[in-house]
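Residue 5 is where the sequence shown starts when you use this note's numbering, and the numbers rise one by one after that. For glycine and all other residues, C-beta sits at the position ideal for the given N, C-alpha and C. Since we're looking at a predicted model, the values are computed, not measured. Input: a single structure, listed below in structure tokens.
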Amino acid sequence: MAIKVTMPRLSDTMTEGTVATWLKKVGDKVSEGDILAEIETDKATMEFESFNEGTLLHIGIQAGETAPVDSLLAIIGKEGEDISALLAGGGAPAAEAPKADVPAAEAKTEAAAPAKAAAELPKGVVVVTMPRLSDTMTEGTVATWLKKVGDTVAEGDILAEIETDKATMEFESFNAGTLLYIGIQEGSTAPVDSLLAIIGPAGTDISGVADNFTAGGAATASAPAAEETKAAPAAAQATEAVAETSNGGRILASPLAKKIASDKGIQLSQVKGSGENGRIVKSDIENFTPSAQAQTTASAPAAKQEASAPAAPKVFVPAGEVYTEEIKNSQMRKIIAKRLSESLFTAPHYNLVIEVSMDEAMQARAAINSVPDTKVSFNDMVIKACALALKKHPKINSTWKEDAIIINHHVNIGVAVAVEDGLVVPVLKFTDAMSLSQIGGSVRDLAGRAKNKKLGPQEMEGSTFTVSNLGMFGITEFNSIINQPNSAILSVGAIVEKPVVKNGQIVVGNTMMLSLACDHRTIDGATGAQFLQTLKQYIESPVTMLA
5 MAIKVTMPRL SDTMTEGTVA TWLKKVGDKV SEGDILAEIE TDKATMEFES
55 FNEGTLLHIG IQAGETAPVD SLLAIIGKEG EDISALLAGG GAPAAEAPKA
105 DVPAAEAKTE AAAPAKAAAE LPKGVVVVTM PRLSDTMTEG TVATWLKKVG
155 DTVAEGDILA EIETDKATME FESFNAGTLL YIGIQEGSTA PVDSLLAIIG
205 PAGTDISGVA DNFTAGGAAT ASAPAAEETK AAPAAAQATE AVAETSNGGR
255 ILASPLAKKI ASDKGIQLSQ VKGSGENGRI VKSDIENFTP SAQAQTTASA
305 PAAKQEASAP AAPKVFVPAG EVYTEEIKNS QMRKIIAKRL SESLFTAPHY
355 NLVIEVSMDE AMQARAAINS VPDTKVSFND MVIKACALAL KKHPKINSTW
405 KEDAIIINHH VNIGVAVAVE DGLVVPVLKF TDAMSLSQIG GSVRDLAGRA
455 KNKKLGPQEM EGSTFTVSNL GMFGITEFNS IINQPNSAIL SVGAIVEKPV
505 VKNGQIVVGN TMMLSLACDH RTIDGATGAQ FLQTLKQYIE SPVTMLA
């Protein structure tokens, strides 16, 4: 069955995109993961990959043309497949072949009906689909609805908080009207372009719109419009998530914020909400710090407060019995599993290891940090050394394509950051042009916002090389999996004090192990070794980084 590909939303502020270049033409075979086109957003020009396989049957937006998000970008299906229904009906899929006992004319009429119904939206009605909030996002989870069915929606209002593979982000409405239908309930996961909501004039009958969209297989609406209306009071109650305070007042809080507050033992009455009408949202809980006043004015004894706080669940397992626990995979964990598996199984990895002396680096860092308001870590020094070494060895700074190797002459270094749900890689753009203090400040800012899920998708895109450091955990040496489309990743171990030989004498020295994982399709062993030699020179003699 042919599949519509729509103009993706590649950033949270993107409302339209321009096709800079088509990398496929009508009739070309398309595999999952192939780059279909380069799309210019409001922030960057990005590669847009296909999540479907087949033949490119139709191009809806030509190179150089601009179109709104969710416009028909392309159609992919079987070679020779009839896509006239898709072109005529917009959201409807290709009709099934007529049955043998149905006259051809009747079958044609029946097949055209769904397409017509889907195409003719009531006046003023807009279908809102699950947005693609990052270039790697294939499905999203609705963490919280901030509007309920029947609410008035203004352009710019936050409709929902959506969990992607990289962060939980607020999704704003680009249309005004009344929220008539919710297609994906809180906690539910659905593919990109699924039916998320319908907005239009109050009182508009949109049952046919929802039914036809569901029938097309593009969404997984949980109930028809009639059932949605019936369930609205319950949904409204869950979305409002009202908590009682000690003085009988009411506090508006999102379900996600309420859950996090409960897990952390935070009283909602102490938190100031930043959402609409003072509503407490997830970020308010994550950024909340108990004030001294709240602690001194608390009327309950400390022991009582501790008793009332939710305790970590204790699991009693009788000796000799088997006990297992199932933890639902988050979107981030699913994407990590998919991307790293693809990298390991498609790119022929090999590792090169080198030991570097850190004595001079330690002295240089101490001197740099003696300057007021300056703080540089050893990891910052490694990143700076990598950026300079990549300029001398551009083949390490490359990307594999089936028909060519792309050499990146700009240096964008991704820094692996561990977060609660997994791993994210914020990117330092044009790292080679940054000073050590700029790198240090940027890394601290990006890492802090990554742990609070405050990074935008554009801040995690475009890396050409990656650095992963586990030295702070005491890990002396390890091998990483390449963060594609990069060709290499550097693993940084801990600094170890040990006996070393200098000038024929055994003395106490400080050393660090570096392991470079390379894609053998783009980087030969000698090329990787030369890069490590240059990197070693920069780290062992930091003053050379100023040359």
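Cβ shell of residue i (< 6 angstroms), same chain only, five flanking positions each side left out
i, result
"Glu85", "Ala6"
"Ser347", "Ile485, Ile486 and Gln488"
"Ser278", "Asp288"
"Ile188", "Val146, Ala194 and Leu200"
Same chain, Cβ closer than 7 angstroms to residue i, five either side skipped, listed in chain order
i, result
"Asp197", "Thr10, Thr133, Met134 and Ala222"
"Ile479", "Gly497 and Ala498"
"Met549", "Lys388, Ala389, Leu392 and Tyr542"
"Lys308", "At Lys308, the pLDDT of 39 sits below 50, so the modelled position is not reliable; the number obtained from the coordinates is stated separately. Answer for Lys308: no residue qualifies."
"Lys33", "Thr59"
"Val129", "Ile202, Gly204, Thr208, Ile210 and Val213"
Status (buried if at least 16 other CB within 10 Å, exposed otherwise) for residue i
i, result
"Ser345", "exposed"
"Arg448", "exposed"
"Ile409", "exposed"
"Asp267", "exposed"
"Val431", "buried"
"Asp377", "exposed"
"Ile63", "buried"
"Gly529", "exposed"
"Ser177", "buried"
"Lys103", "Residue confidence is low: Lys103 scores 38 on pLDDT, short of 50, so the model does not pin down where it sits. Its coordinate-derived value is still stated next. Exposed, by the Cβ-count rule."
"Gly31", "exposed"
Straight-line gap, residue i to residue j (C-alpha atoms, nearest Å)
i, j, result
"Leu536", "Ser35", "36 angstroms"
"His414", "Ala437", "10 angstroms"
"Met362", "Asn291", "37 angstroms"
"Leu272", "Met173", "22 angstroms"
"Ala115", "Ala92", "Because Ala115 sits at a pLDDT of 41, beneath the cut-off of 50, its placement in the model cannot be relied upon, and the following sentence gives the value as read from the coordinates. Each residue's Cα considered, the two are about 12 angstroms apart."
"Gln274", "Thr148", "22 angstroms"
"Ala215", "Ile186", "Correcting the residue type first, residue 215 is Asp in the shown sequence and not Ala. Approximately 13 angstroms, taken between the alpha carbons."
"Ala421", "Glu69", "Note on identity: in this sequence residue 421 is Val, with Ala being the wrong assignment. Answer to the nearest angstrom: the Cα atoms are 38 angstroms apart."
"Glu20", "Glu465", "19 angstroms"
"Lys396", "Gly58", "41 angstroms"
"Gly508", "Asn490", "41 angstroms"
"Lys82", "Ala257", "49 angstroms"
"Asn412", "Gly475", "28 angstroms"
"Arg343", "Val505", "43 angstroms"
"Leu150", "Ile284", "11 angstroms"
"Thr25", "Glu501", "53 angstroms"
"Ser519", "Trp404", "21 angstroms"
"Asp38", "Leu60", "12 angstroms"
"Ser467", "Ile485", "15 angstroms"
"Ser312", "Glu359", "Low per-residue confidence applies at Ser312: pLDDT is 41, beneath 50, and the placement is therefore not dependable, though the value from the model is reported in the following sentence. Going by the C-alpha atoms only, they are around 53 angstroms apart."
"Asn416", "Phe477", "26 angstroms"
"Phe217", "Val423", "37 angstroms"
"Gln335", "Lys455", "16 angstroms"
"Gly212", "Pro126", "10 angstroms"
"Val131", "Glu53", "24 angstroms"
"Val326", "Asn333", "22 angstroms"
Coarse secondary structure for residue i, derived from DSSP in three states
i, result
"Phe217", "helix"
"Leu440", "helix"
"Glu330", "coil"
"Pro503", "strand"
"Asp523", "strand"
"Lys546", "Just to set this straight, residue 546 is Pro in the shown sequence, not Lys. If DSSP states are grouped into helix, strand and coil, Pro546 belongs with the helices."
"Glu44", "strand"
"Ser402", "strand"
"Lys395", "helix"
"Ala71", "strand"
"Val447", "helix"
"Lys455", "helix"
"Glu190", "coil"
"Glu83", "coil"
"Asn56", "coil"
"Leu90", "helix"
From the options, residue whose alpha carbon lies closest to that of residue i
i, options, result
"Ala521", "Ser495, Ser545 and Asn507", "Ser495"
"Val471", "Gly478, Lys457, Asn456 and Asn487", "Asn487"
"Phe55", "Thr49, Thr45, Leu40 and Gly68", "Leu40"
"Cys390", "Ala492, Asp377, Phe482 and Ile63", "Ala492"
"Met385", "Lys540, Gly282 and Ser278", "Lys540"
"Phe382", "Met366, Thr293, Val428 and Gly181", "Met366"
"Arg369", "Val547, Ile400 and Phe349", "Val547"
"Glu544", "Glu143, Gly513, Ser441 and Val419", "Gly513"
"Val419", "Ser439, Ile443 and Asn401", "Ile443"
Nonlocal neighbours in the same chain, by C-beta distance under 8 angstroms from residue i, ignoring five residues either side
i, result
"Arg337", "Asp425 and Gly426"
"Leu459", "Lys170, Ala171, Val428, Pro430, Leu450 and Arg453"
"Glu481", "Val357, Ser495, Gly497, Met517 and Ser519"
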